[in-house]
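**Student:** The sequence shown stops at residue 180 when you use this note's numbering, and every number in between is there. Ideal placement from N, C-alpha and C gives every residue a C-beta, glycine not left out. No experiment lies behind these values; they were computed from the predicted model shown. Okay, handing you the structure first.
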Amino acid sequence: MGEQQDKSGILWLSQLLGHQGIKTDVTGEHIDDELGDSSFWLTIDDSSLTQAQIDGLLGDRGRVLDAIQYLANTVLNIGQDPAEQQSYTIELQGYRQQRRDELKAIAAKAAEAALASGGEHEVADLSSAERRQVHTFLKAYGDLETFSRGREPDRRLVVRALGTSDAAEDE
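Given below as C-alpha cells:
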C-alpha cells in the first residue's frame, strides 16, 4: 500500500489521541503474519503515558483499543478503491501481539477438543474481530470447520469436526 496511506494512519491516530489530551508519538510498520495477511501496525508510544491513560486506551479486555482500531480501518479506508484499502492494527504495550498469542492457544485447544470428541466445541466471549482471527487460525486444520452461532452479545465460535451433522448455523 502507499506511503501516503501510512502517513495518513500515523497522523490520524496522533490527532485522535491529541483530541483526548494524550500527547505521545505514534509509529507505523508493515507486518506480514504467518498466514500471509499484511497489516499496517500503528504503535502508540507508552513511555510518556500514565497508567491511567494506558488503562483508558486499552479499556476492559481491549475494547477501547478495538474501537479505535475499528474507527481507523473505517475512516482511513473511506473512498479508497477496494484493491487499495489497507488493514490497520493499533498496538499499545504489546497488547495485540499478546492477545494474538492467546487466540492461537484458544484455537489450538478448540481444535483438539473438537477432534477428540468428534463433535462440536464452542468458544464464547470473543469479539467479532477475535472470532475472525480464530476462524483464520483454524483454516490450517483441513478436518475442521468453523462458524459463528448466536447473536451479540452472546455470539459464539463453533469448531466442529468435518462430517458432524449440521446444527443451527449462523455464519
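Would you kindly check if the distance between the Cβ of PHE49 and the Cβ of TYR97 is under 8 Å?
**Tutor:** A contact, by the Cβ cut-off of 8 Å.
**Student:** Hey, could you find the ends of the beta strand (DSSP E) SER56 is sitting in?
**Tutor:** Here SER56 belongs to no beta strand (DSSP E), and DSSP marks it neither H nor E.
**Student:** Hey, which unbroken runs of the beta strand (DSSP E) at 3 residues or more fall wholly within the region 105-137?
**Tutor:** 129-132
**Student:** Once DSSP output is grouped into helix, strand and coil, what is the label at TYR150?
**Tutor:** Three-state DSSP puts TYR150 in coil, outside helix and strand.
**Student:** Quick check on the burial criterion: 16 or more other C-beta atoms within 10 angstroms. Buried or exposed for VAL168?
**Tutor:** buried
**Student:** Per DSSP, which one or two residues make a beta bridge with ARG169?
**Tutor:** GLU129 and GLU154
**Student:** Can you tell me whether ILE87 is buried or exposed, with buried defined as 16 or more other CB within 10 angstroms of its CB?
**Tutor:** Exposed, because fewer than 16 other Cβ atoms sit within 10 Å of the Cβ of ILE87.
**Student:** Going by the DSSP bridge assignment, what does LEU101 pair with across the sheet?
**Tutor:** ILE53
**Student:** Give the secondary structure of SER47 by DSSP, where H, G and I count as helix, E and B as strand, and everything else as coil.
**Tutor:** If DSSP states are grouped into helix, strand and coil, SER47 belongs with the strands.
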